[in-house]
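One structure below.
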Amino acid sequence: MAHDHSHTHGHSHHHHHHGTGNISTAFWLNISFTIIEVIGGFFTNSVAILSDALHDLGDSLSLGLAWYFQKKSGKRSDSVYTYGYGRFSLVGALINSIILIVGSVYMLTEAIPRILNPEESDAQGMFWLAILGIVVNGAAVFKLKKGDSLNERAVMLHLMEDVLGWAAVLIGSIIMYFTGWTIIDPLLSIGITVFILFNVYGNLKGVFRVILQGTPEGVNMEEVKEKVTGLEGIKEIHDVHLWTVDGQKNIMSLHAVLEEGFETVKIKDEIRHELQHLEIEHVTIETENADEDCGMEECC
């Protein structure tokens with residue numbers, strides 16, 4: 163039984179420091195404004211502003227973790243963490259999600275009673291905070307738009323959601339100012355909070371898929387098997403496992419039963435080449451002859 167292990171790196175580190183700088187700038191903009199929002203939310207007596215502050219706090223945590231792991235990404239695997247440090251980001255995502263869930267439940271307990279008994283909010287103060295929110299988050303988006311890493315793009319899309327949230331608060335404050343409909347404030351708060359919880363659900367679903375070693379999103383297991391078994395010289399494959407370390411670094415192991423007369427090294431190279439096109443960068447291959455028992459009870 164022959165055993166082979168391959169690991170290819172397709173990521174560029176040319177823009178590592180540039181990316182770190184962009185994310186750090188966006189982080190400090192966001193965390194500073196979150197503090198202003200909390201103070202402003204209390205002064206304007208607006209639960210919509212406080213809900214947006216919660217949303218921005220979640221984004222600040224995401225930015226901080228992205229900044230930290232962007233810096234950490236240059237660190238190689240060691241004797242303790244043999245796959246590297248990528249999965250640490252999952253711990254951060256879990257902590258972030260728990261904070262947002264607790265905060266969202268609190269905001270709902272504040273906003274729902276205000277629908278039944280509306281309270282006066284400072285529409286003019288909400289208006290100016292919304293303007294400031296659009297400017298600050300817009301500046302962060304502009305800064306990250308110059309970046310080219312996946313990390314920066316993901317964070318930029320997240321911040322664009324904040325701009326839309328503040329646009330909703332801006333429109334709501336204008337309507338409140340001219341009509342006096344104070345119920346708009348708790349309705350906006352509930353809408354923003356539900357949106358936060360919807361995103362948290364999606365994030366947690368992805369996190370648990372990685373933790374439970376499910377197949378990577380976007381990679382079709384049946385397509386992978388078909389591509390490999392379709393190669394010349396391969397009779398069948400079994401004991402196939404495909405998982406991801408952190409949602410980006412995909413890993414696979416398999417046993418390949420070879421036809422007689424085919425060169426083992428050549429077939430392994432072909433398998434590796436085929437899998438690289440399917441975004442699987444780390445492959446462990448064991449080859450067997452047709453009459454050979456793989457020696458594992460759980461071979462499938």
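Per my numbering, residue 163 is the first one in the sequence shown, and the count goes up by one each step. Using N, Cα and C, we set each Cβ at its ideal position, and we do this for glycine too.
Can you tell me whether residue i is buried or exposed, with buried defined as 16 or more other CB within 10 angstroms of its CB?
{"i": "ALA302", "result": "buried"}
{"i": "THR196", "result": "buried"}
{"i": "GLY327", "result": "buried"}
{"i": "PHE189", "result": "buried"}
{"i": "VAL390", "result": "buried"}
{"i": "THR170", "result": "Low confidence applies here, because THR170 scores a pLDDT of 48, under 50, leaving its location unreliable; read the following figure in that light. With fewer than 16 other Cβ atoms within 10 Å, it is exposed."}
{"i": "MET383", "result": "exposed"}
{"i": "SER174", "result": "Low local confidence applies: a pLDDT of 41 at SER174 is under 50, so the model's placement there is unreliable, and no value is given."}
{"i": "GLU379", "result": "exposed"}
What is the rounded straight-line gap between the Cα of residue i and the Cα of residue j?
{"i": "LYS510", "j": "LEU420", "result": "In the structure displayed, the chain extends from 163 to 462; residue 510 sits before or after that span and is not available."}
{"i": "TYR243", "j": "PHE250", "result": "10 Å"}
{"i": "GLY295", "j": "SER222", "result": "14 Å"}
{"i": "GLU448", "j": "VAL253", "result": "33 Å"}
{"i": "THR344", "j": "VAL356", "result": "20 Å"}
{"i": "MET285", "j": "ILE293", "result": "Sequence check: residue 285 is Ala here, not Met. Between ALA285 and ILE293, the C-alpha separation is close to 12 Å."}
{"i": "SER239", "j": "TYR247", "result": "7 Å"}
{"i": "HIS177", "j": "VAL200", "result": "Legend: pLDDT at HIS177 = 46, less than 50; position of this residue unreliable, no value from coordinates given."}
{"i": "ARG276", "j": "PRO348", "result": "6 Å"}
{"i": "ILE429", "j": "MET414", "result": "16 Å"}
{"i": "ILE433", "j": "ILE442", "result": "11 Å"}
{"i": "GLU394", "j": "ASP408", "result": "33 Å"}
Assuming residue i is part of the beta strand (DSSP E), what are its boundary residues?
{"i": "THR446", "result": "444 to 451"}
{"i": "HIS439", "result": "Element bounds for HIS439: n/a, residue is neither H nor E."}
{"i": "ASN207", "result": "Note, ASN207: premise wrong, no beta strand (DSSP E); not H, not E."}
{"i": "SER415", "result": "412 to 420"}
{"i": "LEU291", "result": "Element bounds for LEU291: not the beta strand (DSSP E) but the alpha helix (DSSP H), 285 to 307."}
For the alpha helix (DSSP H) containing residue i, name the first residue and the last one.
{"i": "TRP343", "result": "Segment: none, TRP343 is in no alpha helix (DSSP H) and carries neither H nor E."}
{"i": "GLU384", "result": "383 to 391"}
Have a look at the options and flag the residue whose alpha-carbon is nearest the alpha-carbon of residue i.
{"i": "ILE333", "options": "VAL427, LEU212, TRP290, ILE413", "result": "TRP290"}
{"i": "PHE370", "options": "PRO348, HIS400, ILE352, THR406", "result": "THR406"}
{"i": "LEU399", "options": "LYS387, ASP408, GLY409, GLN410", "result": "At residue 399 the sequence reads Ile, which differs from the Leu that was named. Nearest option by C-alpha distance: LYS387."}
{"i": "ILE373", "options": "MET338, PHE205, ALA255", "result": "ALA255"}
{"i": "ASP214", "options": "SER266, GLU441, MET338", "result": "SER266"}
{"i": "MET318", "options": "SER335, VAL331, GLY300, ALA330", "result": "GLY300"}
{"i": "SER224", "options": "THR206, ILE198, ASN207, ILE260", "result": "ILE260"}
{"i": "GLU282", "options": "ALA330, VAL209, VAL200, ASN258", "result": "VAL209"}
{"i": "VAL427", "options": "TRP229, THR341, LEU219, GLU450", "result": "GLU450"}
{"i": "SER335", "options": "GLY287, PHE304, GLY395, LYS411", "result": "GLY287"}
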